[in-house]
Every structure is written in structure tokens, then in C-alpha cells.
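**Student:** Handing you a structure now.
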Amino acid sequence: MAESLFDNRYRYDYIYPRGRSGETLRAVDTLNNNREVVIKRPAPNDAPPIRAGQEASILNERRALKALAGHPVLTELLGEGRFFVSGTPHQYIVMERAQGIIIADLVRDLAAQGQRLPELEMLVIIDALLDLLHTAHQKEIVYNDVDAKHLFWDRDNYHLKVIDWGNAVFLEGDTITPQGISIQSDIYQVGELLYFIVTGGGRLDIPKDIDSADFRLDFGEDHMRVHSRLQAIITRAVHPDQRRRYQSIAELRRELAEYRAPQERERNSAVLRVQDRLKQDLSKAELRQLLATIEPVLAKDPGYPPARAAYQEINDRLRDIEVSADLDAVRIYIENNNWTRALDLLRELRDKAGPVTGRLINLLQDCLVLVVEANIQPPPAVLDALELMFEHQLNSAAATLLLEEDTDEESKALMWLMAERIAARVPEILLLRPSLFRLERALRQLTEDGIITTEARAVLAEVWKMLDAVAAMKSAHLSDLRDNYRAIVDRLTGLQPLLHTMSVEYNLSNRRLPITALERATNAAMALADNMHVIGKQAVSSPSDAQGALDNCRIIDPPNPLWNNIQRMLDNLYDLLHSYQTYVPAADGSDLERWLKEAQEDLQPFMDRLFDEMLAGMIDGLAIAEKAWQSYSAAAIQGNRIGALTALANATEAVGTISPTLSGWFNQLRNVVNGATYVERHAIYGALGRALADGWEAFDRGRLTDAERLGQQAFESARSEPERFAARRLKILAQATREWVDRNGINSSSRTQTTLMAVEDLFTVEEKRIHDDFATQMPSLETYLRAMGKGLVELYTRQSTAASRILFVKYVLSGALDAHDGNLDDAEFWHQAAIKALGEYGRRHPAARELDEFISRRRDLNRAEALLNEIHSPEALPKLDAIIRQLEDNPQARLLGTATHSLRELTAALRDWSDGEFRASATKLDNAIRSIDEAEQGAEITLTSYRGYLMTLHEAALELQGKSHYMRQTIEQKPDEPVAHVRDTHQEMVQVTTELLGEHYAATLRQWADTYEQFYAVYTDGNIRRSARLARFNELFRAMFIDRHPAYPLYRHWYDVVEASPEFPAPPTDEPVPRLEEGADVPQEALQASRYTKTPRRRGGIFSLRNLLLLGGAVIALGSIIGGLLLATQNNDNSGAIPVTRFPTATETVASESTTAEVAVQITTAPTLPPTIAPVTVEDFATPTIRPTATPTEAITDTPAPPTETLTPSTTPTATITPTPTATATATETLTPSNTPTPSDTPTPT
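To get my numbering, take the position in the sequence shown, counting from 1, and add 9.
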């Protein structure tokens, strides 16, 4: 059909048969270099409803193509647009046109010949298809139209294209559509496609009622040809039961790949063997063997590119071999000067030759034509050049022709024209002058023919002059040479329009006006310019490329003498650089600076002619290395490790290219310096460096005097201010540290502060900034310690030997100041920081040891301070003995002696207090306070809490002493009526003691107060008769120790007052005299336990009272005698403090014998006293008064065995009988007898 234009862009010449997508146009894109495309559009002549359905299919295909864009098997969507049919807009799409043969057509064509598509080729095609389907399924797209007619196989390019996606289904999250479409549909259709191909176009016909369990496809007459495994794969792909079918395209593809793998391995192995053999020069027979090897491979996979290339090469080489014998005949003719016969034979061989020999035959033919036309005897150079051509050494042949000098003009013209033919027939060989020579001869001939060529010949003459001028430049910069050749290129480029105009104007052929020769000359001149650029830019960076460019220049323009000049320059440069490669400086580097300067001077002339960046980098590197070496010299003196390493690293890198040996020397020195403890030892100036290194080593090892001396020695050796600065820092730091250590600066806060200021002044500004920045960034002391190694010390160590040592001393002094302020945790932090700052010597350094000892001393004193300040309440008093022992065990016990004495005075004061001896207690408390003053001053501790408590106790003791004294004065007056302040004083003594000392120390005072209350209650009770009150008094007297109660005289007075009172109290009636009714039961009080005799009271009561007093005096006298004897025995046997039980038992002491038969002492079970926490000595206990029980228990008549000392503390109070000279109950250590009588189960009164 005639070409038509669609949408003003696409020119189409064919409309494919109509399908469900409407019309498909075969077209080209006029706006895209006539690219071949196909266009799908609704058919304009169809009814609107039909066009709507076609457009839906087109839009569906567009959606699929966009979703799968980029896959190599998919036809690319190139564009889309709208067109109108009767005013109605419709969408169309433009796709690339698939190249190759349609698989359906190929299968049918082969089947018609009784053949099938090669199995391996089929498997390759199917694998590409399955890759596309797998990608589509991953995007939830079902192709739903797998068919051989949609597959285009380009065998020449070994490429598959799949078309027609209008029937695609988008699952959009579903596994199957309502119409039953799923990925199983594509799998089934692939199976159908495989069956179609292997059977030569057969179609599946599977009955619906077939038994799926035994299902197997019938391959008909292809049953024996198709492999059983492939039959099984196809059968499973189309299995009626989807559960037995492949569940994914990937699974089917994997099965087919495993089946295909052995065939591919066999194919690839055969091709590789052929390719390896083709690398050699093979005979005709060997080539035919290779041909026999490769042909079966192509039969299995005709489009396999490596196999096709090998097949083509074998055939070409066979053709070359076929004509090689005839070329020998041509050579013989040439040697015999039979030019005509040789020329005729070459013309016969031209059509038979392969690509290699064909080019040679054409070249030889051109050269022989020139020889015949010249009609002269060719010079020997011509025969030599032809011989080189037969050997395929075309570059040498051209050089032979152009370098021959002893010839006439005709011979020279012949040789230059032959050289031009080499450039014309072999495009990779560029020759400048022969091409210009031919062009010049052509222009001369045209002039002779009457054609005006003046302008062109003038340009060409100018080019010849420029070439001669460049050849005369002997020492020009390569950039100038490059620019000159570029200027020649510009002239030749300007000549081309003139020649084209002339050729068109006079209808000149290329033979008469060889414009191609001008193009070759232009390319040659451009190549020379490029070569100049390569030589100038890569003479050092890539010597092989520079040398190759120079050799190429010799080929392009062999007669030019410039190339020899450039060669000599490069040779000199390479010799010089080679000598630099192995340069090694003197061991101390003394000659290095001079060598670096001389090397720069030697290379500078070459830099004046070249513009090689590497050469410039070498020269710059030498300058950098020279400065770096100077920097290293300065840094090493300062101990600046990072500066020295940086300088050496810069030097190493700077000379790495020009002198790897020197670079290695620098790197070795860098490693030595990096591992050196003292960088100064490797300084260039030996004496100064050694003095500094030895000085810092002496400082680190604590030999401060030697360090100071070596610092002075270094200072005297210094020759510059930086050197003096380094020596000064060593000297001042060593001197300050030595004086602080030797003069006990640790004990003086002011001296330490002064030394710290002097040390901090040794930091440089940069070192201070580094320290401050680091400290600012640290969120905590723990982080500071963890990070200081890398973040501060290592940085200081790399910058200066002095910096880390100054930092060490700063930390030590800061720790000393914090220790003086009592911040021992901070002091310990500074101590640890100092150790980290100095490294392995830090812990053993005298300054660090001074700080450590001072911190330990302060820590011991602070522990003692804390122990003493814990004594600020009654709860701490039970721990007094333990605290005393801890102070005595403290390493600073000597300094804490006065504090220990204070505690002992406090202990004694507490004993006196608990016994009611407030004056003695106040005196001892005053002594304790004075001792604390001495302790604070001597040990530099603060005991505010402890002092405050002592002063509180002291004030309270003085106040209680005054009130107690007033109370005793009142008691001595023996008033008949109870006095209120006596009772109040008893209560106040208990209350104050309980508040200040605790219940334990108030036991005796509370007993006194309770006893007073009991006597007071009996005395003031007027509702009972006199005899009952006297009996109650007697019980109270029996339960008390009369010599320890301050109110005992008052109690005796009250007894006498009651005894002198009438028997009965006044009745609560109006009768003046009480009466006793006849028959009334008068209770008789048993007075057997009375302290007085049972002699009946006489009527007047005077004699009875006197007898009782006499009896009491006798008992007291007897008890005093016995107690004196026992006390003397105790003092002799128990000189030390005896540990007591946790709960001391108040043991009631009674007289075991009585001088009066009527006196029978009843012993009651001792009540349990409040527990005591800390063990105390016998002297530490006050003597409490035992409360009587509510009901007397049975008397203990057995005499206890001698007591046996028991060291195990008793946890249960035990009633024991201990002989004592007094009637006072004393809380002492109870020595539990071996046969301890068990008290009766009498309820303890509450």
C-alpha cells in the first residue's frame, strides 16, 4: 500500500490483519531518525461500540507495558497519543517493532520439511519467555496470551521479543479472577507452547473426563524424538489437575534449566575448544576439523553468537589459505620484474581472497599499477617494501619507502605514492606527507588541465612550510608542538570545502581530486597533535604510552628529525628518574636536604618542555619533602610526635613516586618514631635531642634531679628559640616538681597552689585549648577517665613530650588541693587521671605516690571523722567501744589519740550520768570537748556533729546537777508532806536522760522515779489501815537498795510517819471515833518478810520501832562486811574488762545467812531489763534497782555452787544468787553457774 502519515509524525506502509486491539500499523517515526515502530489504534471504520472495546484492550496493553518497562524481552512502549474519529477522541500507543522471525511461522516451515526447531534453541527461547512471565507474576500480572505467534526470535542477534499484551489480567491482590484466570493460566499456556514446538505445530486436545491420576500427554510420532524428561515436564505443565501442575513459573523454569544445562555445557565446551585452537596458525586440514566440530553446535543452537563467530573465522581463514599459494606466485613474478603478469594474477585472486589476504591483494595491486604506470626501473627500496607487504609488515614497508634518500624525483614520487596506497588501503595506518604529496600532484595535474587550483595549492604550500618549521624545532615545549600540529589540522580542515566545491563544480572523481587523501592527511596531522599531547602529558606518568605515541609519530611522519630530539630528551629524563629510584640518604639524614634541592633543580628543565602532571607532582613532592624534613626537625626537638609523624608521612607520600627507596626510608623512620617513647631521641641535632630524651626519661622514672640537670644541659645546647623553649619546659617542670616533692609541698595548700600556677604556665595556647575543649565535652568524671586516654593523653603525647608530663603534674597538684578541701573522691579522680597521663611510670612516680599517700591519710582521717560525727544521738552510744577500737586500729591512730581520749571520757561520763553523778559526768564531758578541740587542730578534721552532741550533753548534765542538788537538799529536810519538785526532778532526770542518752542509761534513774512513785502512792493512800501501809512499805524496802536511792531518807521518814499514825483511817462518816463491829474479820498481815523483827508491837510502838531499827542496822553492817570481802576478791581475780551478755541480768543480792532467826529473806525472780546493744565492761554499768514482783515466788534455799565463767553471751535472763556486800542490785556481767536454779513460772509484772 502507499505510504500514509498518521498523527503528523508516523509514516506507515502496512496495516496488519485486524485483531481485538483494532488496527496495527507498521510505521516509522519521522521525528526519531525513522525508527521502526508499530502503532495500535482502534479501527476508524468500525462501529463506535467495537472501537470502545478495542480501545479498552489498547489501554490494558499500555498499562502492562508500563508496569513491565525495562525488561529486555518486552517490546518497549515508545509513546502514546489521541486521534479523533468523527469528533470522538481515541487513544493509541506506539511500540518498538519486534525484529526476527515469528516462532509459529518458523515451526510450521520446519515441520513442512520434516524438521523441528532445534531443542537447545527452543529451550533458550522459552527461558527468556519464562523470565518475562516471572517478572510479570511478581507484579501480579498474568500474560494470558502465551502463543508462538507472539514470539519474535532474532537469530542473528540471539534475542527474543514478546508482543501483544492486550489480553493481560491484573490480579490486584487476588490469586484468581472470577473468570478463573490465575498464574496457572500462564503455566498451562507455556505447556501448550512447548507441545506446539516439539510436535511441529501440534495442538493439545485433552478430554475433560480424563483420569487425572494417570494423565500423560500423547506426543504422537514425536514420542521417540522428544526426551522422556521433557515429555514429563510438558505433561506436568498442562496437567488437568492444577494441584499436580507446577505452582509457579519459577518452578517450571528451574526444571527446564536443569534439563537444558547438560546441552549448554556441551555446546560451550565445544566452542571454547575451537576458540582456543583458532588462536594458533592452523593448516587447512586443521581448520576443516574445527569446522566439523563447530557445525553440530550450530545445528543445535544456530544463533549462538560465539559459535557463529568461530564458524565465520574458520571460513575466512580457509579462503586465505586457498589464495596463499597463488600469492607466492605473485611474489616470484615481482622478484623477476614481471610486473604485468603479477598484476594479472592479483586481479584473478581478488574475488577468491578472504578478509586478510583480500586487503593485501588490493594493496599489492595498487602498488603494481603505480610501478607499471611509472614505467621506470623501481629502486631497491620498492622491492624491499613489497617484500615487507607480503610479510604483513605494512608500517615497516611505509617507513622503507619514505626514508629512502638516494633516489631521483621519479623514484621518490613512486615510493611516496606507494606509501600513500598503504595508508589508503589500511585505515589504521596514518601517513601525513604521502597523502599531502598525492593531493599536491593531483592539484598540479588539475592546473595543467586548466582547472583553477590557486587557492587550494596556496593552502597546501602553507601546510608544507608549517611542517618544515615544526621539524626544525629542536627544544620546543611539547605544548607548542601540539599547538602547531593543531594549526596544521585547522589549515587542512579549511581546505576541504575548497576541494569539495571544486569536485562538484568540475565533476571530478576521487582519482583526479583525491579528497580522501586530504581526509587521511587531516587525520594524520590530528594524530600527531594528539601524540604531542600524550608525550607532553604522560612522559612520566605513563612512559609506555609516551613511547608508543612517539613511535606512532615516526610511522605517521618518518622523515621528521624532531622525533629523535624528543627521544633523547625522554631518555635523559628516564635515566635521571631511574637514579632517583634507588637513592638512600645517610644514616643520620644529614645529606637529605641538599639532595632534595638538587633533584628539584635537575628536573626543572624537563618540566620546561613537558606538561606532565606527574612530573610536576614529583617536583612539587620534592619541595614538599624538603619542607616536611625541616618540619620534622623542629617537631622532633619538641617531642611533637604527631607533628613528626605527619611530616614524615607527608615526606613519604611526596617522594613515593620519584623515589620509592627514599619513601621507604621515610616510612621506616616514621615507624621508629611512632614506636619511640621519646621522639627527641631521633632528632636531627643529636646532642640536644639526646639531652631532651634522657631528661624526660629521668622525669618519668622519678629522677627529678637528673631531669632538671639534663634540662639545663639541653638549654645550653639549644641554638634557636624553639629549641630553647623545649629545653626550658623540661627544666622548669622538673625543678617545680622536685621542690614540691622534696619540701613536702603536699602538706601546704598555698605552696601547692603556687606550684600549680607555675606548671600551668608551661602549657602552650593550643595545649590549653585542647584541654579545655576536652573537659567541656565530658559529661561525668567516669567518662572523663575513660575518654582521656584517647581524647587527651594520646593527643598530647602525639603533639609534645612535655604536654603529657605537664598534664600529669597538673593533675597531681589539683588532686592535692582537692584533698586539702576534703574532696577525696575528686582527689582520687585526679590521682587516677595523673596515672593515666604518665602511663606506665605514673603509679611509681614520686609525685603520684605523694598524692596517693596524702589521699590515703586524709581518707583514714575522714573515716575517723565520720565515725566520730556519727555520735550525735542516743542510737550511736552502744557503738562507742567499737568506734574506739576502730580509731585505735586506724593507720592514723597517732593523730587520732586525742579523739580516742575524748571517747573514753564520754564513756566514763555516761557511767556517771547513769548513776546520777551529774557533776562528775559534766567534768568528763568538758574533758571530752577539750580533747576534740585538740583532735580537730592536729588531724585537720571537723567534728561539728560530735562536738555539738557533747556540748548538749554537757549543758544538760550541768542543769540536772543543779536540780538534783536542790532535790537532795529538800530530801535532807524530810518534810512530812511530799514536795512537788522532788517528784518533778525524778521525772525530768528520766526524761532528759532518755532523750539524750537512751533508755539504757535511764534505767537507774527510771527505777528511782518508779520507786518514788510507789512510795508516794503508799504514803498518800489514806484509804487503807496503817498496818497494810507498813506491810507495803516493807515490800518496797525489800525490793530496793537503800544506799542508791537519793530519796531513801525521805522514804524512811515516811515510814516513821505512817508507823506513828493510827491503825485505821478516819471513817467517811460523821462519827468522831471509828468503831470495830463485833464478829468482824480482821485480816492479819504476815510480816515474815519484813526487814524488822516479828516481836509484837508494844502499845506505845516506840519499842517496836527501836527494835526494828537495831535489826536493820545489824543487817546493814553484816552486808557491808561480806561485800567488802567479795569486792576485794573480785578486784584480785578480775582485773580486766569482762565481756557481758547481750541482755545483762540484774541479779538480786541477798544475804545468805541471817544473824536473826526471824529474818527469812525471800528471793524473787529478777525482772528483765531493757536490752543493751553493745558489750560493755563491768565498770560501764550503772547499778539499777530491781523492781519487786507482784507476787513473791517460792524461796530459793539451795546454796549455789561457785560460779563458772561462761564466755558465750546469754540471751535469756537468769536468776542467780550472787553474794554482794551491799543490798544494791547491779547490772553486771553474770557468770552463769554450772548448776543454775530455774525460776518458777511467775508472770513478769508489766
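Don't be surprised by glycine CBs; every beta carbon is placed ideally from N, CA and C.
By alpha-carbon positions, which one of Leu83, Asn54, Glu322, Thr33 ends up nearest to Ser66?
**Tutor:** Thr33
**Student:** Check this for me: beta carbons of Ala52 and Arg60, under 9 Å apart or not?
**Tutor:** yes
**Student:** What span of residues does the beta strand (DSSP E) with Phe93 cover, start to end?
**Tutor:** Unbroken beta strand (DSSP E) run through Phe93: 86 to 94.
**Student:** Near Ala308, which residues of its chain fall below 8 Å by C-beta distance, leaving aside the five closest residues on each side in sequence?
**Tutor:** The answer, listed in chain order, is Pro127.
**Student:** Nearest CA to the CA of Arg252: which residue from Val116, Arg340, Tyr197?
**Tutor:** Tyr197
**Student:** Put Tyr25 into one of helix, strand or coil per three-state DSSP.
**Tutor:** strand
**Student:** Can you tell me which of Glu357, Leu373, Ser420 puts its alpha carbon nearest to the alpha carbon of Pro388?
**Tutor:** Ser420
**Student:** Tell me whether Arg50 sits in a helix, a strand or coil according to DSSP, three-state version.
**Tutor:** Reduced to three states, the DSSP call for Arg50 is strand.
**Student:** Can you list, in chain order, the residues of its chain with a C-beta nearer than 8 Å to that of Leu129? Leave out the 5 residues immediately preceding and following it.
**Tutor:** Arg269, Gln272, Glu273, Arg276, Lys309, Asp310
**Student:** Could you please give me the residues that DSSP links to Val178 through a beta bridge?
**Tutor:** Val151
**Student:** DSSP beta-bridge partners for Tyr101?
**Tutor:** Tyr101 has Gly90 as its beta-bridge partners, per DSSP.
**Student:** Thinking C-alpha only, which one of Asp118, Trp604, Leu132, Leu445 is nearest Gly209?
**Tutor:** Asp118
**Student:** Does the region 86 to 95 come close enough to the region 177 to 185 to have 3 or more Cβ pairs within less than 8 Å?
**Tutor:** no
**Student:** Buried or exposed for Asn17, please, with buried defined as at least 16 other CB atoms from any protein chain shown within 10 angstroms of its CB.
**Tutor:** So Asn17 counts as exposed.
**Student:** Using CA atoms only, rank isn't needed, just tell me which of Ser278, Gly698, Arg326, Asp415 is closest to Lys288.
**Tutor:** Arg326
**Student:** So, Met1262 versus Ala828, is the Cβ gap smaller than 9 Å?
**Tutor:** The question about residue 1262 has no answer here: the residues shown for the chain are numbered 10 through 1255.
**Student:** Between Thr686, Pro855, Phe838, which lies nearest to Asn753 when the distance is taken from Cα to Cα?
**Tutor:** Ranking the options by Cα distance to Asn753, first place goes to Pro855.
**Student:** Quick one: residues in its chain with C-beta nearer than 6 Å to the C-beta of Trp839, no 5 flanking neighbours on either side, listed in chain order?
**Tutor:** Tyr820, Ser823, Gly824
**Student:** So for Phe15, helix, strand or coil by DSSP?
**Tutor:** strand
**Student:** If you count every other CB in all the chains shown that lies within 10 Å of the CB of Ser13, and 16 or more means buried, which is it?
**Tutor:** exposed
**Student:** Using the rule of at least 16 other Cβ atoms within 10 Å of the residue's Cβ for burial, across every protein chain shown, is Ala533 buried or exposed?
**Tutor:** buried
**Student:** Look at the alpha carbon of Leu889 and the alpha carbon of Met960, and state the distance between them as a whole number of angstroms.
**Tutor:** 17 Å
**Student:** Using only CA atoms, which one of Glu945, Arg977, Thr932 lies nearest to Leu962?
**Tutor:** Thr932
**Student:** Which stretch, first to last residue, makes up the beta strand (DSSP E) that contains Phe675?
**Tutor:** No beta strand (DSSP E) holds Phe675; the alpha helix (DSSP H) holding it covers 669 to 684.
**Student:** By alpha-carbon positions, which one of Thr84, Pro216, Val207, Phe708 ends up nearest to Ala241?
**Tutor:** Out of Thr84, Pro216, Val207, Phe708, Val207 has the C-alpha closest to the C-alpha of Ala241.
**Student:** What are the uninterrupted segments assigned as alpha helix (DSSP H) that are 4 or more residues long and contained completely in the region 498 to 578, given in chain order?
**Tutor:** The region 498 to 578 contains these whole alpha helix (DSSP H) runs: 524 to 547, 552 to 565.
**Student:** Grab me the residues of Leu833's own chain with a C-beta within less than 8 Å of its C-beta, minus the 5 sequence neighbours each way, in chain order.
**Tutor:** Asp827, Ile864, Arg867, Arg868, Asn871
**Student:** State yes or no: is the C-beta of Ile258 within less than 9 Å of the C-beta of Leu139?
**Tutor:** yes
**Student:** So, do the region 699 to 711 and the region 579 to 593 have three or more beta carbon pairs nearer to each other than 8 Å?
**Tutor:** no
**Student:** Counting Cβ pairs closer than 8 Å, one from the region 468 to 475 and one from the region 568 to 579, do we hit at least three?
**Tutor:** no
**Student:** For Leu1297, which residues from the same chain have a beta carbon less than 7 Å from its beta carbon, with the 5 sequence-adjacent residues on both sides left out?
**Tutor:** Since the first residue shown for the chain is 10 and the last is 1255, residue 1297 is missing from the structure and cannot be characterised.
**Student:** What whole-angstrom Cβ distance do His486 and Asp611 have, given they're in contact under 8 Å?
**Tutor:** The Cβ separation is near 18 Å, so there is no contact.
**Student:** Can you tell me which of the three DSSP states Gly31 falls into?
**Tutor:** strand
**Student:** Determine the contact status of Glu357 and Asp335, defining contact as a CB-CB distance below 9 Å.
**Tutor:** yes
**Student:** From Pro81 to Lys361, what distance separates their C-alpha atoms?
**Tutor:** 41 Å
**Student:** Kindly indicate which residue of Gln808, Ala596, Trp425, Ser729 has the alpha-carbon position closest to the one of Gly652.
**Tutor:** In terms of CA proximity to Gly652, Gln808 leads the group Gln808, Ala596, Trp425, Ser729.
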